Amino acid sequence: SFNYDGCSEEERKFLDTVEPLLMGGEIYKKFSSHTNHKQANFDPLNVENVPAENCGYGIRNFKLSKSLHRIEVRQTVKPGVESSIVIEHIFKVIIPKTTLDIIKFQNLHDQDHPSYGKLSVQEREEKS
């Protein structure tokens, strides 16, 4: 949480926006674009049977540096920065269609999400 003393409303909004980026978050990182014949293809809908770790992914912490110029990638069990991504080199974020479909489904079925009201009464009753 930031000290907002002397901050304008615009600065407060900016700080609130970047706070989650400064705190960081865990994301699965793919170790290689080459698929090993021993590794299964990752299916986010079948995580219970085939976890991401069995498909060439590992958990990393991605965190915006305090300089706001790069994203630091850290292993969760080792100290130090494993690698970094310069913000200026990011052209766009590509989210796979399967991931987008899962997010959309979760949002439509989460009672606390604003999209929840878009479900029909029957769909909401089936969810309950």
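If you want the working numbering, it's the 1-based position in the sequence shown plus 3. Quick reminder that beta carbons are idealized off the backbone N, C-alpha and C, glycines included. Model, not experiment: these values are computed from the prediction.
Ends of the alpha helix (DSSP H) at residue 22? Position 19 of the sequence shown, counted from the first residue, corresponds to residue 22. Looking at the DSSP string, the run of the alpha helix (DSSP H) that includes residue 22 is 12–26.
What three-state label does DSSP hand residue 78 in the structure shown? In the sequence shown, counting from the first residue as 1, residue 78 sits at position 75. Reduced to three states, the DSSP call for residue 78 is strand.
Check whether the Cβ atoms of residue 65 and residue 51 lie closer than 9 angstroms to each other. Reading the sequence shown from its first residue, position 62 is the one you call residue 65. Reading the sequence shown from its first residue, position 48 is the one you call residue 51. Between residue 65 and residue 51, the CB-CB gap reaches or exceeds 9 angstroms.
Rounded to whole angstroms, what is the Cα-Cα separation between residue 19 and residue 25? Residue mapping note: residue 19 aligns to position 16 of the sequence shown, counting from 1. Residue mapping note: residue 25 aligns to position 22 of the sequence shown, counting from 1. Answer to the nearest angstrom: the Cα atoms are 10 angstroms apart.
Determine the closest residue to residue 77 out of 32, 7, 13, 48, with distance taken between C-alpha atoms. Sequence index remark: in the sequence shown, residue 77 carries index 74 (1-based). Nearest C-alpha to residue 77: 32.
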